[in-house]
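*Asks:* Residue numbers (the numbering used here), protein chains in the order written: chain D, 42 to 196; chain B, 40 to 816; chain Y, 10 to 294. Note that beta-carbon positions come from the ideal geometry of N, C-alpha and C, so glycine has one too.
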């Protein structure tokens, strides 16, 4: 199997890595870089829990090979806010009870943060559509939607 | 009573860790020298294992340990010890693990599994629990008579019956003779799965010293420790079980799962830690599922609406193993009537082995299932006597003073199902004119009531420790697992209330470890807020007593003249003499500089008391620590052309005694309702004729996504306090999931005039039933 | 885990053609990866070589002009299509199909060309391409050729691509003046799902009445039902024509029963969605 030298930036930091061709971005983030904030629950694109930003665009990292991401900028939940200061989406999630077991939370934070950048004043239906690719089994999505709506009003 | 913290909408104490991705789950953990496990699983539903050849796999570099069932004869179980970690002699369901490989990487382990060859001889299999009851059915467990089991489980040796729960109240025959109308119906629902987002993850380490360390996504560290000890024959003090955050459980991580397997692999690998993280496919095929159910309900009723007799049969498709299934059958049996008083009842609840994946607990534990039957039946009976379904339910409601099916007289503080039913009916504008049909779209409303008590043995206990720190903050240790339900936050509020310090000054230890944490039986059954909550209250009380003792001596006033406020101990009438709590946390210091007393360490426990075992022949006794009553309502719009059912509104009324934190209670309700809607509409195991699960992924096993949720949720929190409960609070973790299905089905009937008897009510099924009804006209 | 393979990233189509000639059946092409990587993880395929197309500049992006219409490069993502005003305004049937394919996050990676090369009977973009008379631009060691989309799908997961050939782009001529269209997708749930049935319809009235219907998930390939088209060429009450179209659609499709739906339901829904599509699109005209 081929091995590849790649360089990528993750949360503003540069990394030079050598990866095997079959390694996904998800695996490299969690196993090599030990950034375990990005989760997974299916590894075939159904659950969306592994969502990260590649050059600002939400992507399911289980379906992206690490070698494909060579030279790109990756943002994970660990880098979505500045230091200890939470972003508006994170604050709204806390305030609205949009977090339960927390396993899907990083993906929703990532997706919602990127979504509000593109669409700062969404309707409820647009939010449902935007997060439709990410599964949550605890919250029934209600408080997640409320949190994103509220964050959009405060941004 | 006004409280400063309890009852307030306080944000979760673990939320910051979770929104920043720093909350640690077992699957995130990596230990020095850790090995990774993959499993070889059975392709057959029922087959004899003739030969296992692991020789090629052993040669693969990086493979450190391979185990087959032959090597591990230990049986494990909490109620019915019927399961090995790896199949021995035969496999009993597709997906059952046969060989486990631990290797340096997951990839090597996976390659090794592909090199293992197993020869099977297929055996006749049985998939339908009703078929499995027949005398000529293939036996799933030939040695059932040898299995150890809890005393309240009644297996029938040489059959597929893992448990026969019997309930006999009054005289059913006479009851039916006195009935004006008898209505009998059958209802079904398929196997479904918990689908917690975090798959089962365990790390095990069996050191040469005999010390066993386990890290696991378990709901119940102490149960894991105990069952490991029994199964492996290792003393308990040599086992330490740690549980970090758990990414959802819903019952599926209760009891013991794959912990023994990783521990045994570690032993074979010389003590290196061994990790197993289930794939999603394994969650469906290999880990446990919710049992399927077939129900037959016969109800005798008087013209005036009083139910006089019920004959109830619940047949559970327990799958290949029934460790948990036996208790689910039992719990459904002793609650079999639903929240109604019926003088004469006969119930048989049979947990039956088949060659399907095996059953376990899933939120609502038997109750989501049987309420589907009972609450559909209530509407059908009401209709048979021409009575309004709400009026009919109220007429038979189990109110204080009523006698339950097990002979328990409901106490004054048991909660009020009638208030829940009325609140839901009012919100649904029950009895008002229905909206007009719009094209192919028709609307309807439906209601269903519910009850559930913690389903557990009569003798479980919990404990808690609260420590006061030198700066006046407090640390609470419990063994309730935080898997999303928010109990830890509610407990932080209780500590804040009890010590009169801000919630921010309370830490609830989030990572549980049996070596250090106080004992709690399991995080299951909606028992935590009540049982562990009571333990926490007593621990706070103990700490308060210690604080006052130290302060009394320092201030020279008697203990009963002291109060706690603003983080201080205050002497009555002398506010200037307050002692900041932190100053007495480790000991009191006299003006002379001498120390007195000691560190403040409050301990409390709570044991379920006053419950009894149930009579094996009649099921009479006291199984219920507390009932939580409720009612669900649904307003739907059915498209008669497509079978699509759009849920416009779900109303959930629960008599929860006291909402310790309404923000989190609503979260439990929204989430529970949506899980209930999944069971109602889209979730089901679809097998082929060989017992192969055809939809073992999240593409074709459809759990709800954001666009699927109802347009509106209306949670109604009714607060009739329960005595001896923390601030009067009852458990509600499971209840929002119960009776969603029948409320929706009753609404579909209201809209269309068509009755549904089987879950899930997919678009296709609704369309087929509408078409069939059209054909009958 | 995704099994082992060698990853290759050619920079030109010539290089790509060379690699495909060299590795033949052992190689698979990677664009968005949302089908390929799932098949590999599930061990349904185990290619020894994976050739990433995203390094080839000329396969990227969309282009449109008044004369030749729309050209969609092999690595253009679905969200690129969704964000294109031209696609939204002029190719509304395609735009509506892309908007219901999988979910917004997946559409950031998934490509239209990948969707058709995967050749699932449930491919959401295929019916839209069928009613738009799209053409598939194919290249390989023996040169280039154009395959009309109607000839592209040959069976479940099969296409008329020959070994060594790849799809360079999909070309769509500008639809007839005043054309309107939509893709009517039916799943098991409102949220993201694969199509139990999908119906793409395109109508126009520029001198003569044009009406085209194609479906997903009701035949071994995505299927355009040409037979309905002449129904609308003749005169007659619209309601009757629509009902005739519905029954022709039902005659021509051959759905199966699988985990996502039964044959009978698919037959019914194919008709119901065809009616809904035609009523909505023709209702105003």
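Residues of chain D with CB under 9 Å from residue 61 of chain Y, in chain order?
*Replies:* The sequence position of residue 61 of chain Y within the third chain is 52, counting from 1. Correct list: 106, 108, 109.
*Asks:* Given a cut-off of 7 Å on the beta-carbon distance, is the pair residue 147 of chain B and residue 72 of chain B in contact?
*Replies:* Counting from 1 along the second chain, the entry for residue 147 of chain B is found at position 108. Counting from 1 along the second chain, the entry for residue 72 of chain B is found at position 33. No; because the gap between Cβ atoms is not below 7 Å, this pair is not in contact.
*Asks:* Which runs of the beta strand (DSSP E), 3 residues or longer, sit entirely within the stretch 620-661 of chain B?
*Replies:* As far as the stretch 620-661 of chain B is concerned, its whole beta strand (DSSP E) runs of at least 3 residues are 640-646.
*Asks:* Mind checking residue 294 of chain Y: buried by the 16 CB within 10 Å criterion, or exposed?
*Replies:* Position 285 of the third chain holds residue 294 of chain Y. Only weak support exists for where residue 294 of chain Y lies, its pLDDT of 42 falling under 50; the value from the coordinates is given anyway. Exposed, since its Cβ has fewer than 16 Cβ neighbours within 10 Å.
*Asks:* Between B/558, B/56, B/89, B/81, which lies nearest to residue 731 of chain B when the distance is taken from Cα to Cα?
*Replies:* Your numbering for residue 731 of chain B matches position 692 in the second chain. Of B/558, B/56, B/89, B/81, the residue nearest in Cα terms is B/81.
*Asks:* Distance check for residue 768 of chain B and residue 636 of chain B, CA to CA, integer angstroms please.
*Replies:* For the purposes of this step, residue 636 of chain B is identified with residue 597 of the second chain, where counting begins at 1. For the purposes of this step, residue 768 of chain B is identified with residue 729 of the second chain, where counting begins at 1. One C-alpha to the other measures close to 35 Å.
*Asks:* My parser needs the beta strand (DSSP E) runs of 3 or more residues fully inside the stretch 225-255 of chain B; what are they?
*Replies:* The stretch 225-255 of chain B contains these whole beta strand (DSSP E) runs: 240-245, 251-255.
*Asks:* Looking at C-alpha atoms only, which residue of B/59, B/50, B/207, B/128 is the closest neighbour of residue 655 of chain B?
*Replies:* Reading the second chain from its first residue, position 616 is the one you call residue 655 of chain B. Residue 655 of chain B has its Cα closest to that of B/207, out of B/59, B/50, B/207, B/128.
*Asks:* Taking residue 746 of chain B as the query, report the chain D residues whose CB atoms sit under 7 Å from its CB, ordered along the chain.
*Replies:* For the purposes of this step, residue 746 of chain B is taken as the residue at position 707 of the second chain. Residues of chain D passing the Cβ test: 169, 170, 173.
*Asks:* Please identify, using Cβ separations under 9 Å, the residues of the stretch 285-299 of chain B that lie next to chain D, in order along the chain.
*Replies:* Here the close residues are 285, 286, 287, 288, 289.
*Asks:* Is it true that the CB of residue 86 of chain D sits closer than 7 Å to the CB of residue 115 of chain Y?
*Replies:* Position 106 of the third chain, counting from 1, holds the residue named residue 115 of chain Y. Position 45 of the first chain, counting from 1, holds the residue named residue 86 of chain D. For residue 115 of chain Y and residue 86 of chain D, yes; Cβs fall inside 7 Å.
*Asks:* Look at residue 43 of chain D and residue 62 of chain D and say whether their C-beta atoms are less than 7 Å apart.
*Replies:* Along the first chain, one-based indexing puts residue 43 of chain D at 2. Along the first chain, one-based indexing puts residue 62 of chain D at 21. Taking 7 Å as the Cβ cut-off, residue 43 of chain D and residue 62 of chain D qualify as a contacting pair.
*Asks:* Apart from the five residues on each side of it in sequence, which residues of its chain come closer than 6 Å, Cβ to Cβ, to residue 127 of chain Y?
*Replies:* The residue given as residue 127 of chain Y occupies position 118 in the third chain. Within the same chain, residue 127 of chain Y has close Cβ partners 44.
*Asks:* Could one say the Cβ of residue 680 of chain B lies closer than 7 Å to chain Y's Cβ atoms, at least one of them?
*Replies:* By one-based count along the second chain, residue 680 of chain B stands at place 641. True, the Cβ-Cβ gap to chain Y drops below 7 Å.
*Asks:* Starting from the beta carbon of residue 135 of chain D, find every residue of chain B whose beta carbon is closer than 8 Å, and list them in chain order.
*Replies:* Numbered from 1 along the first chain, position 94 holds the residue referred to as residue 135 of chain D. Within 8 Å Cβ-Cβ: 50, 51, 54, 55, 58.
*Asks:* Do you know how far the Cα of residue 170 of chain Y is from the Cα of residue 360 of chain Y?
*Replies:* The question about residue 360 of chain Y has no answer here: the residues shown for chain Y are numbered 10 through 294.
*Asks:* Helix, strand or coil for residue 388 of chain B, going by three-state DSSP, please let me know.
*Replies:* Here residue 388 of chain B refers to the residue found at position 349 of the second chain. Looking at residue 388 of chain B - three-state DSSP - the assignment turns out to be strand.
*Asks:* What is the C-beta distance between residue 545 of chain B and residue 513 of chain B, in whole angstroms, given that I count them as a contact (C-beta under 8 Å)?
*Replies:* Position 506 of the second chain, counted from the first residue, corresponds to residue 545 of chain B. Position 474 of the second chain, counted from the first residue, corresponds to residue 513 of chain B. Right, the Cβ-Cβ distance comes to about 5 Å (below 8 Å), so this counts as a contact.
*Asks:* Thinking just about the alpha-carbon of each residue, which of B/742, B/813, B/755 is nearest to the one in residue 198 of chain Y?
*Replies:* Taking the first residue of the third chain as 1, we reach residue 198 of chain Y at position 189. Per the Cα distances, B/742.
*Asks:* Here's a check: name, in chain order, each residue in its chain whose Cβ is nearer than 8 Å to the Cβ of residue 54 of chain D, leaving out the five neighbours to either side.
*Replies:* Within the first chain, the letter at position 13 stands for residue 54 of chain D. No residues qualify anywhere along the chain.
*Asks:* Between the beta-carbon of residue 151 of chain D and the beta-carbon of residue 196 of chain D, is there less than 7 Å?
*Replies:* Within the first chain, the letter at position 110 stands for residue 151 of chain D. Within the first chain, the letter at position 155 stands for residue 196 of chain D. Result no, Cβ atoms of residue 151 of chain D and residue 196 of chain D do not sit closer than 7 Å.
*Asks:* Exposed or buried, what is residue 282 of chain B when buried is set at 16 or more other beta-carbons lying within 10 Å of its beta-carbon?
*Replies:* In the second chain, residue 282 of chain B corresponds to position 243, counting from 1. By the neighbour-count rule (16 or more Cβ atoms within 10 Å), residue 282 of chain B is buried.
*Asks:* Give a yes or no on whether the C-beta atoms belonging to residue 320 of chain B and residue 735 of chain B are separated by under 7 Å.
*Replies:* On the second chain, position 281 is the one that residue 320 of chain B refers to. On the second chain, position 696 is the one that residue 735 of chain B refers to. Yes. Within cutoff.
*Asks:* Comparing alpha-carbon positions, which option in Y/275, Y/191, Y/253 lies nearest residue 226 of chain Y?
*Replies:* Here residue 226 of chain Y corresponds to residue number 217 of the third chain, with the count starting at 1. Minimum Cα distance to residue 226 of chain Y is reached at Y/275.
*Asks:* Write down every uninterrupted run of the alpha helix (DSSP H) in the stretch 657-720 of chain B whose length is 4 residues or greater and which is fully enclosed by it, in chain order.
*Replies:* For the stretch 657-720 of chain B, whole alpha helix (DSSP H) runs of length 4 or above, ordered along the chain, are 701-720.
*Asks:* Quick check for students: name the residue ranges of the alpha helix (DSSP H) that lie wholly in the stretch 77-135 of chain B, counting only runs of 4 or more.
*Replies:* Here the runs fully enclosed are 94-98.
*Asks:* Between the Cα of residue 149 of chain B and those of Y/69, Y/189, Y/279, Y/10, spot the shortest distance and give me the residue it belongs to.
*Replies:* In the second chain, residue 149 of chain B corresponds to position 110, counting from 1. Checked all of Y/69, Y/189, Y/279, Y/10; the closest Cα to residue 149 of chain B is Y/10.
*Asks:* Using the rule of at least 16 other Cβ atoms within 10 Å of the residue's Cβ for burial, across every protein chain shown, is residue 75 of chain B buried or exposed?
*Replies:* Taking the second chain and counting its residues from 1, one reaches residue 75 of chain B at position 36. Flag for residue 75 of chain B reads buried.
*Asks:* Is the distance from the Cβ of residue 779 of chain B to the Cβ of residue 686 of chain B below 7 Å?
*Replies:* As a working note, residue 779 of chain B is residue 740 in the second chain. As a working note, residue 686 of chain B is residue 647 in the second chain. No, the Cβ-Cβ distance between residue 779 of chain B and residue 686 of chain B is not below 7 Å.
*Asks:* Using the three-state DSSP reduction, which class does residue 540 of chain B fall into: helix, strand or coil?
*Replies:* By 1-based counting over the second chain, the position of residue 540 of chain B is 501. Residue state, collapsed to three classes: coil.
*Asks:* Taking residue 40 of chain Y as the reference, give the member of Y/112, Y/208, Y/97, Y/125 with the closest Cα.
*Replies:* Counted from its first residue, the third chain places residue 40 of chain Y at position 31. Comparing Cα-Cα distances from residue 40 of chain Y to each of Y/112, Y/208, Y/97, Y/125, the minimum goes to Y/125.
*Asks:* Establish whether the CB of residue 48 of chain D and some CB of chain Y are separated by less than 7 Å.
*Replies:* Numbered from its first residue, the first chain carries residue 48 of chain D at position 7. No, residue 48 of chain D does not count as interfacial toward chain Y.
*Asks:* Verify whether the separation of the beta carbon atoms of residue 442 of chain B and residue 467 of chain B is less than 7 Å.
*Replies:* Within the second chain, the letter at position 403 stands for residue 442 of chain B. Within the second chain, the letter at position 428 stands for residue 467 of chain B. No, the pair does not count as a contact, with Cβ atoms beyond the cut-off.
*Asks:* Please compile the residues from chain B whose C-beta is within a distance smaller than 9 Å of the C-beta of residue 36 of chain D.
*Replies:* There is simply no residue 36 of chain D to check, as chain D begins at 42 and stops at 196 in what is shown.
*Asks:* I need the straight-line Cα distance from residue 216 of chain B to residue 384 of chain B, nearest angstrom please.
*Replies:* Taking the second chain and counting its residues from 1, one reaches residue 216 of chain B at position 177. Taking the second chain and counting its residues from 1, one reaches residue 384 of chain B at position 345. Taking the straight line joining both Cα atoms gives about 13 Å.
*Asks:* Buried or exposed: which applies to residue 49 of chain Y, given that a residue is buried once 16 or more other Cβ atoms fall within 10 Å of its Cβ?
*Replies:* Taking the third chain and counting its residues from 1, the one referred to as residue 49 of chain Y is at position 40. The residue in question, residue 49 of chain Y, is buried, as its Cβ has 16 or more Cβ neighbours within 10 Å.
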